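Colleague: If you read the protein sequences in the order shown, they are chains A and B. Take the first sequence: its letters are residues 1183 to 1506, numbered as in the numbering used here. Take the second sequence: its letters are residues 1183 to 1506, numbered as in the numbering used here.
There are 2 protein chains.
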Amino acid sequence: MTSIKDVARIAGVSVATVSRVLNDKGYVGQNTREKVEKAIKETSYKPNEVARSLFKKQSNTIGLIVPDIMNPFFTELARAVEDMATKLGYNVILCNSDGDKDKEQAYLDVLKQKYVNGIIVSSNTLTALQVEELNVPVVSIDREISKGLPTIVVENKKGAVMATRFLQNKGCRRIGHIRGSYGVANAEERYEGYKEVVSKEPWFRESFIVNGDFDMQFSIEATAELLSLHPEIDGIFAANDIMAIGAMKAAYRLGRKVPEELAVIGFDGIKLSEVMTPELTTIVQPIYQLGETSTTMLISLMEQQPIEQTYYTMAVELVERKST
Amino acid sequence: MTSIKDVARIAGVSVATVSRVLNDKGYVGQNTREKVEKAIKETSYKPNEVARSLFKKQSNTIGLIVPDIMNPFFTELARAVEDMATKLGYNVILCNSDGDKDKEQAYLDVLKQKYVNGIIVSSNTLTALQVEELNVPVVSIDREISKGLPTIVVENKKGAVMATRFLQNKGCRRIGHIRGSYGVANAEERYEGYKEVVSKEPWFRESFIVNGDFDMQFSIEATAELLSLHPEIDGIFAANDIMAIGAMKAAYRLGRKVPEELAVIGFDGIKLSEVMTPELTTIVQPIYQLGETSTTMLISLMEQQPIEQTYYTMAVELVERKST
DNA sequence: TTGAAAGCGATACCAG
DNA sequence: CTGGTATCGCTTTCAA
């Protein structure tokens, strides 16, 4: 690999000068500049990013920590983050934490040791302290770590209210809820939204709510249980699309027709929701945009650019399809 | 951030000594070692990976270049690669090439500049020359770049033969094929497998094959076209699951019942295939294992360990579900 | 068994 | 406008 020294020697100048033309910084005479550029071309020289990083204490890399890239929500998010990062000159290191506290901390440590410029993270367990100790810009996505930290979330409660009302307007008399994991902020918010709409209904009882743990398999079981306990249920709001799909599968197995006998609505708007038969009605989040926004925000933070806003609550939208 | 110098100063030794205990290399007296370890603990010192990388010309990072992480096949692959890489002490930089030659080359360049230890890539356009010029270990996955290069693929042709025969055994009299993109090796191989089984059939004509471009939307259209041209078709082999799902959707829209009137079989075994209703019969590839194997192989290559084999053809398996 | 010092490949300050 | 050089943080001879 040719280094800056080689280029300098070939061009007959000092490394300082080569560095100047490389970074287009400081004065360089017209024809020395040309000599250098010629030498660069000839050797097809590419600066060593690691050496640069060592000096700059930045590696033009950002870390992305998600629970599991296999979750379609995070897949799309990752794609958006990577697209935007590349566009702005950064690479992204992918980290799957499985929501595990220790793994998260381990990733945080090595990312820091690698001089990443910033980190995008989706975590329930991370504390504000942990993040501040890092001394690296962090933006939290999908889940808030602390009010003070840069965060991008969506209108979870509002979306849940929309979903539940929608079911009512469609004529559902008894609406059940498959909730997400306990302790996960967005699961709680969606739960609250549902509750707000139905809590004053005379029929309502806590047993209309079951935990699906944001997992399809769990949701199938939870739905089966829910439906056997309350056969009168004619509408289900699931806290995410995966669970909604699970609910539809359970209904299918029990011989309950969707949407004729049972309406199902989800939350997220993952691609999968359009692929199902029947296609899933859902509260769609602007997932790709979440990723883009978090990345541009992170990069502004990293580059110390003036920043308008560090807490975004993105709007959600109800998309009606065939399952309701 | 505390550096090796700080640790040395606190422990009252030289940086060389600290380095020795850090890497457990060379002689270190028992009690100096203890002093150093104490200092490390106290300061919770973590070596700077970038400085290390500069010296070693390796960054403990591997690059993963895939066309698009949103394709479920690559999502699962990425997860496997990241899992195994982490287990062995490496991070992974994620790159989405969209199958674009220039993007691929750009990623290759910056990965090299970042001193990645190795690269896993899935590409149709990359040439053996490009890879050799890199001077970085590369393993090609899902698609062969050249016979000489480390590669992991699956039994595409055999799988296609299995799928087509299976349809015949299920009683299908006219079998159509939704093929993958032209010029993509695995699409061609699957096409050949199909052809091998049906080419001597009296009814067979080239028009029983349409191009779905490995895309769901394309497949929907292609299937509709195929079915209107040859309404007698009672079985479809799609070159991947996404397209098989597209075919089922098209059938659904045309009012053709799957599997009663039309049997559909896919290829890949993505998670999605189990989620569909009806669940998709498919040729499953050991996707996760592909990722694991490619990673361990790459790392063996990187670490110059003796390596048994550099060209794997993994077995596929027919999993019968409800769509046939 | 330990330390001094020469890199690794770039950047940026300070002279000239 | 250009060059010399210290520096980033770590590893590895080479001597002592």
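From the three backbone atoms N, C-alpha and C, an ideal C-beta is built for every residue, glycine too. Keep in mind the model is a prediction, meaning the values are calculated, not measured.
#1: Is there at least one Cβ from chain B nearer than 9 Å to LEU1276(A)'s Cβ?
#2: Starting from ILE1292(A), find everything on chain B with Cβ-Cβ shorter than 8 Å and list it in chain order.
#3: Please list, in chain order, the residues of the region 1236–1248 of chain A that have any C-beta partner in chain B closer than 9 Å.
#4: Flag this pair as yes or no: are the beta carbons of GLU1485(B) and LYS1296(A) separated by less than 9 Å?
#5: Contact check, GLU1258(A) vs ILE1469(A) under 8 Å by CB: the rounded distance?
#6: Please tell me whether VAL1321(A) and VAL1292(A) are closer than 9 Å, where the distance is taken between their beta carbons.
#7: State the DSSP-derived secondary structure class of SER1196(A), mapped to helix, strand or coil.
#8: Under 9 Å, Cβ to Cβ, is there at least one residue of chain A near LEU1454(B)?
#9: Along the region 1281–1307 of chain A, what residues have a CB closer than 7 Å to any CB found in chain B?
#10: Taking the beta strand (DSSP E) that ALA1310(B) falls in, what are its first and last residues?
#11: Roughly how many angstroms lie between the CA atoms of LYS1239(B) and ASP1324(B), to the nearest whole one?
#12: So with CB distances below 8 Å, who are the chain A contacts of ILE1427(B)?
#13: At a CB-CB cut-off below 8 Å, which residues of chain A make contact with TYR1434(B)?
#14: Secondary structure at ILE1357(A), three-state DSSP: helix, strand or coil?
#15: Report all residues from its chain with a CB closer than 6 Å to the CB of VAL1200(B); omit the five preceding and five following residues, and keep chain order.
#16: Which class does ILE1424(A) belong to by DSSP, given the choice of helix, strand or coil?
#17: Only counting the same chain, and skipping five residues up and downstream in sequence, which positions put a Cβ closer than 8 Å to that of GLU1371(A)?
#18: Just to make sure I have the definition right: I need the residues of chain B whose C-beta is within less than 8 Å of the C-beta of ILE1465(A). Which are they?
#19: What span of residues does the beta strand (DSSP E) with ILE1302(A) cover, start to end?
#20: For ILE1427(B), which of ASP1416(B), HIS1412(B) and SER1455(B) has the nearest alpha-carbon?
#21: How is VAL1263(A) classed by DSSP in three states: helix, strand or coil?
#22: Give every residue of the same chain whose Cβ lies closer than 6 Å to the Cβ of ALA1433(A), excluding the five residues on either side of it in the sequence, and list them in chain order.
#23: Listing by chain order, which chain B residues have their CB less than 8 Å from the CB of ALA1260(A)?
#24: Looking at the structure shown, is ALA1497(A) part of a helix, part of a strand, or coil, going by DSSP?
#25: Between ARG1347(A) and LEU1462(A), what straight-line distance do the alpha-carbon atoms span, to the nearest angstrom?
#26: Taking only the alpha-carbon atoms, compute the straight-line gap between LYS1228(B) and ARG1435(B) and give it to the nearest angstrom.
#27: Thinking C-beta only, is MET1479(B) closer than 9 Å to PRO1254(B)?
#28: Of the residues ASN1299(B), GLY1271(B), ARG1361(B) and SER1226(B), which one's Cα is nearest the Cα of SER1241(B)?
#29: Leaving out five residues before and five after ALA1345(A) in sequence, what residues of the same chain have Cβ atoms less than 6 Å from its Cβ?
#30: Residues in its own chain within less than 7 Å of GLY1196(B) by CB, not counting five upstream and five downstream?
#31: Got a sec? Which residues, its chain only, sit under 7 Å from VAL1380(B) by beta carbon, not counting five neighbours each side?
#32: Buried or exposed for LEU1311(B), please, with buried defined as at least 16 other CB atoms from any protein chain shown within 10 angstroms of its CB.
#33: Using Cβ-Cβ distances below 9 Å, what residues of the region 1376–1395 of chain B are close to chain A?
#34: Pull up the DSSP beta-bridge partners for LEU1246(B), would you.
#35: With H, G and I counted as helix, E and B as strand and the rest as coil, what does DSSP make of GLY1375(B)?
#36: So which residues of chain A does GLU1370(B) contact, with C-beta pairs closer than 8 Å?
Modeller: With the given structure in hand:
#1: yes
#2: According to the sequence shown, residue 1292(A) is Val rather than Ile. Correct list: GLU1231 and ASN1273.
#3: LEU1236, LYS1239, SER1241, ASN1242, THR1243, GLY1245 and LEU1246
#4: no
#5: 4 Å
#6: no
#7: coil
#8: yes
#9: ASP1291, VAL1292, GLN1295, LYS1296 and TYR1297
#10: From DSSP, ALA1310(B) is part of no beta strand (DSSP E) but of the alpha helix (DSSP H) over 1310–1316.
#11: 29 Å
#12: VAL1457
#13: THR1459
#14: strand
#15: ILE1186, VAL1189, ALA1190 and VAL1218
#16: helix
#17: ASN1338, LYS1339 and ALA1342
#18: Per Cβ cutoff of 8 Å: no residues; ILE1465(A) is ~20 Å from chain B at best.
#19: 1300–1303
#20: SER1455(B)
#21: helix
#22: VAL1440 and LEU1444
#23: ILE1251 and LEU1276
#24: coil
#25: 17 Å
#26: 60 Å
#27: no
#28: ASN1299(B)
#29: PHE1419, ILE1447 and ILE1465
#30: Rather than Gly, the amino acid found at residue 1196(B) in this sequence is Ser. Excluding sequence neighbours, SER1196(B) sits near ALA1190.
#31: THR1346, ILE1357 and PHE1386
#32: exposed
#33: none
#34: LEU1276(B) and ILE1302(B)
#35: helix
#36: Within 8 Å Cβ-Cβ: nothing; GLU1370(B) doesn't reach chain A, min ~26 Å.
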